[in-house]
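First comes the structure, then the notes that go with it.
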Amino acid sequence: MKKIFSRLLNHLITVLLYISGSITSLIVILIVFFLFSEGIGLFGKKPTEDGFIMAVNKSNTVNHLNAEQIKLLFDGEITNWSEFGGKNDSIILFRMDNITDYFTEEQIGENFENLPACISKVVDSIPGIVAFVGKHYIDKNFAGKELQVDKITVGDFMFGKLWFPTAHPVAVFGALPLLLGTFWVSIFAILFALPLGLATAIYIAEVAHPTVRNILKPVIELLAGIPSVVYGFFGLVVVVPFIQNAFNLPVGETAFAGSIILGIMALPTIITISEDAIRTTPRSMKEASLALGANHWQTIFRVILPYSSSGITAGAILGIGRAIGETMAVLMVTGNAAVIPHTLLAPVRTIPATIAAELGEASQGGLHYQSLFILGCVLFIITMIVNLAVEFISRRNRRVAS
Amino acid sequence: MSSLVVFFLVLILGFIITKGIGVINWEFLTTMPEDGMTKGGIYPAIVGTFCLVGGSMLFAFPIGVMSGIFIHEYAPHGFFKNFLQLMTNNLAGVPSIVFGLFGMSLFVNKLGFGDSIIAGSLTLGLLVLPIVIRTTEEALKSVNDSFRLASYGLGAGKLQTIGRVVLPIAFPNIITGLILSIGRVSGETAPILFTVAAYYLPKLPTSMYDQVMALPYHLYVLSTSGTNIKESRDMAYGTALVLVMIVLIANLIANALRKFLSKKVKMN
């Protein structure tokens, strides 16, 4: 009896081990599934508020616009229908508040009973009008036609230049500024961190005395261990005011501040991986180079660096990946303006920072909420590609080395 | 160049320690925040962070260790093992904010835990799972094969060998991973933003379905979105120092342990 029991227990534990062995794969799949299922509803929906429609004059040849165009239209940035491919007519905006400009209160009626007829009349009489009105004010006799709002597409989302998730009358979800902002900050972070990290890695692996190495290694580990919110806090109270004073800017929260902080945060990753790569250089190669009369530095630059270049590349890519996904530090120091970046000395906004800043305000299940989950998917895919690339490079490396 | 790296560390730590050391006293650590968080202490945030660390470790440590054992001892060499290691690495590279989104979607909404300690702990647990798995793998790798063979030679089964021989030898090394993940969990902000963290709570949590304050989120709130940022700056320095101290101590213990153990192994 006891024997059977213990064998059962053995089997049970083995099964448990099998299950927990695949847990990481399971979690990765779950993450993909949940992010997509929460966010995918965004595509194919109209970005207008429920219960409202846009109406234009019957003679207007423009039938549909996308969210970005409508945003520009209602902001007064575009004032002529010809810019949308319609007739050469100037655009006249009409909202519910404007109704009193055209009709007196008696004409509308005490209980707004004549409102549908009034709106119809206005839309019919002005060729360039675009009216944004409640759906229930449009009846069968309406003389204008409905201006269709394009559904949100993947292309609009990825390449749209405007990010106004809470704008009226339509929300605009164009993630391009966020994508570019993310890359902008990360690339400059790496430009700053790579030379520094590489130099440190060479120093630790090839030049430093063992005692110095034993001090440096824990220091680098500590640098990796400091929480990102502490980096952000440091950036906020030290780097940001410094940049503001040094460049005489109105605000110090800039892409530059983000790049510096991210660069420092990416250092440990780059150093550790590059150092490992440099260490894998076979002793025989180094000695051959030295025997040929090359000095230490020539050996480092002509033999060791080329040999370990793919490992160093892997370190740099992984560093970029970490920088792209970093949330809190960036959120705290980059100023979070969703514009396409053109200089280092202006605020930018990254994808993780957008999610962190906006998810709290987005109502669950709404378009804004869904769009943030799609951003999460984009982020996940980017980091997945980065990881796979690194994995590929380092596997090939290991094969070559062995 | 590398002195620059040391310089960065010294600069950051030095700044936070010199600014924060004056704020920290017994009262700061053990009283509630007062006057819109400009006075008083950070006691609830410390308690919250400890709750989260404990909860996430309860979840991540057993599963991570089992997963590590499976990958190193059971999984056949070749594609399957490579795939599992690849997935572990992938999970380690997923940005923390994505964990936050996932935790919010699964634990908070789907499973209906709401903003709670359990949702936050599970999310943080997932985040550190790869760390635990990897250190377990490393620890198992460092166990000399002769121990395994000797155990088999005495007639022990695979599970017995792992449970009675391999794990006891590897265990101190596995603990290093546990300590490192404690450091990581106590510092993470993004995953708890939407799963557990509260802006301000006047009372301590009573069950695992309660919200808590947490040190990293508290620091974020104090330094960016408080109503009187200037007045609460001192509190922020203090909070940052406490947070850094926790992480530093965790790292130092892990390091010391590793050094001590590598000496011991050499002696064997």
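Going down the list, the sequences are from chains A and B.
If you want the working numbering, it's the 1-based position in the first sequence plus 212.
If you want the working numbering, it's the 1-based position in the second sequence plus 26.
Where is the CB? At the ideal position from N, CA and C, for every residue including glycine.
Inset, instruction - Could you check if Tyr519/A is buried or exposed, using at least 16 other CB atoms within 10 Å of its CB as the buried criterion? - result: It counts as buried.
Inset, instruction - Could you work out which residue in Pro259/A, Pro439/A, Ala411/A and Thr595/A is closest to Ser29/B when comparing CA atoms only? - result: If you compare the alpha carbons of Pro259/A, Pro439/A, Ala411/A and Thr595/A with that of Ser29/B, the shortest gap goes to Ala411/A.
Inset, instruction - Specify whether the region 421-437 of chain A and the region 504-520 of chain A touch according to this definition: at least 3 beta carbon pairs, one from each stretch, less than 8 Å apart. - result: At 8 Å Cβ cutoff, the stretches do not touch.
Inset, instruction - Give every residue of the same chain whose Cβ lies closer than 6 Å to the Cβ of Ile265/A, excluding the five residues on either side of it in the sequence, and list them in chain order. - result: If the five residues before and after Ile265/A are omitted, its C-beta is found closer than 6 Å to the C-beta atoms of Lys347 and Glu358, all from its own chain and listed in chain order.
Legend entry - Cβ neighbour criterion (16 or more within 10 Å) applied to Gln281/A: Buried is the label assigned to Gln281/A, since at least 16 other Cβ atoms lie within 10 Å of its Cβ.
Legend entry - Residues near Arg307/A by beta carbon distance below 6 Å, same chain, minus five either side: Cβ within range, chain order: Phe344.
Legend entry - Residue burial classification, Lys283/A (beta-carbon count within 10 angstroms, cutoff 16): Buried, since its Cβ has 16 or more Cβ neighbours within 10 Å.
Legend entry - Any chain B beta carbon closer than 8 Å to Leu228/A: Yes, contact with chain B.
Inset, instruction - Along the alpha helix (DSSP H) that carries Ala528/A, what are the first and last residues, could you check? - result: Note, Ala528/A: alpha helix (DSSP H), Ser521 to Gly537.
Legend entry - Contact residues within the region 85-103 of chain B, judged by C-beta distance below 7 Å to chain A: So the close ones are Ile89, Met92, Ser93, Ile95, Phe96, Ile97, Tyr100 and Ala101.
Inset, instruction - Kindly indicate if chain B contains any beta-carbon less than 8 Å away from that of Met308/A. - result: At least 8 Å separates the CB of Met308/A from every CB of chain B.
Legend entry - chain B contact for Val450/A (CB, 8 Å cutoff): For Val450/A, the answer is yes, since a Cβ of chain B falls inside 8 Å of its Cβ.
Inset, instruction - Determine which residues of the region 44-69 of chain B have a Cβ less than 7 Å from any Cβ of chain A, and write them out in chain order. - result: Of all residues in the region 44-69 of chain B, none places a beta-carbon less than 7 Å from a beta-carbon of chain A.
Inset, instruction - Determine whether the Cβ of Gly340/A lies closer than 8 Å to any Cβ atom of chain B. - result: Taking 8 Å as the CB threshold, Gly340/A stays off the interface with chain B.
Legend entry - Buried versus exposed, by CB contacts within 10 Å (16 or more), Ala528/A: Result: buried.
Inset, instruction - For Leu132/B, go through chain A and note every residue whose CB falls closer than 8 Å to its CB, in chain order. - result: Neighbours of Leu132/B on chain A, chain order: Leu242 and Phe246.
Inset, instruction - Decide if Gly588/A is buried, meaning its Cβ has at least 16 other Cβ atoms within 10 Å, or exposed. - result: Residue environment for Gly588/A: buried (at least 16 other C-beta atoms within 10 angstroms of its C-beta).
Inset, instruction - Let me know the secondary structure DSSP gives Val154/B once reduced to three states. - result: Shown here, Val154/B sits in a helix according to DSSP, grouped into three states.
Inset, instruction - Assuming Leu155/B and Ser234/A form a contact by the criterion Cβ under 8 Å, report the distance between their Cβ atoms to the nearest whole angstrom. - result: The Cβ separation is near 12 Å, so there is no contact.
Inset, instruction - Using a Cβ cut-off of 8 Å (strictly closer), state whether Glu257/B contacts chain A. - result: Under the Cβ criterion of 8 Å, Glu257/B is not counted among the residues facing chain A.
Inset, instruction - Tell me Gln360/A's beta-bridge partners as DSSP assigns them. - result: Partner(s): His276/A.
Inset, instruction - Could you confirm whether any beta carbon from chain A is found closer than 8 Å to the beta carbon of Thr215/B? - result: By this cut-off, Thr215/B is an interface position.
Inset, instruction - Check each candidate in Ile473/A, Ser583/A and Pro439/A and name the one with the smallest Cα separation from Ile455/A. - result: Minimum Cα distance to Ile455/A is reached at Ile473/A.
Inset, instruction - Quick one: measure Cβ to Cβ for Ser440/A and Glu317/A, integer angstroms, because I've assumed they're closer than 8 Å. - result: Contact flag wrong, Cβ pair sits at about 58 Å.
Legend entry - Residue range of the unbroken alpha helix (DSSP H) whose run includes Ala329/A: Boundaries of the alpha helix (DSSP H) harbouring Ala329/A: Leu327 to Ser337, taken from the DSSP string.
Legend entry - Inter-residue spacing [alpha-carbon to alpha-carbon] between Asn323/A and Tyr349/A: Roughly 13 Å separates the two Cα atoms.
Inset, instruction - Check Phe459/A in the structure and name its three-state DSSP category. - result: Looking at Phe459/A - three-state DSSP - the assignment turns out to be coil, as it is neither helix nor strand.
Legend entry - Rounded separation between Ala86/B and Pro217/B - CA only: Between the alpha carbons of Ala86/B and Pro217/B lies a distance of about 15 Å.
Inset, instruction - Name the residue from Val442/A, Phe255/A, Thr484/A and Val244/A whose alpha carbon lies nearest to the alpha carbon of Tyr415/A. - result: Just measuring C-alpha positions, the residue of Val442/A, Phe255/A, Thr484/A and Val244/A sitting nearest Tyr415/A is Thr484/A.
Legend entry - Helix, strand or coil at Lys270/A according to DSSP, with G and I counted as helix: Lys270/A falls in the coil class under three-state DSSP.
Legend entry - Segment limits, alpha helix (DSSP H) that includes Gly346/A: Careful: Gly346/A lies outside any alpha helix (DSSP H), inside the beta strand (DSSP E) at Ile341 to Gly346.
Inset, instruction - Examine chain B for any beta-carbon lying closer than 8 Å to the beta-carbon of Val176/A, and answer yes or no. - result: Any property of residue 176/A remains undetermined from this structure, which presents chain A solely from 213 to 614.
Legend entry - Unbroken alpha helix (DSSP H) run spanning Arg495/A, endpoints: Arg495/A -> alpha helix (DSSP H) spans Arg495 to Ala503.
Inset, instruction - Return the first residue and the last residue of the beta strand (DSSP E) that Phe306/A is part of. - result: Note, Phe306/A: beta strand (DSSP E), Ile304 to Arg307.
Legend entry - Chain-order list of residues whose beta-carbon lies under 7 Å from that of Gln360/A (same chain, five-residue window excluded): In the same chain as Gln360/A, and ignoring 5 residues on each side of it, the C-beta atoms closer than 7 Å to its own belong to Asn275 and His276, in chain order.
Inset, instruction - Look up Glu60/B in the DSSP assignment and give the residues it is bridged to. - result: Glu60/B pairs with Lys65/B.
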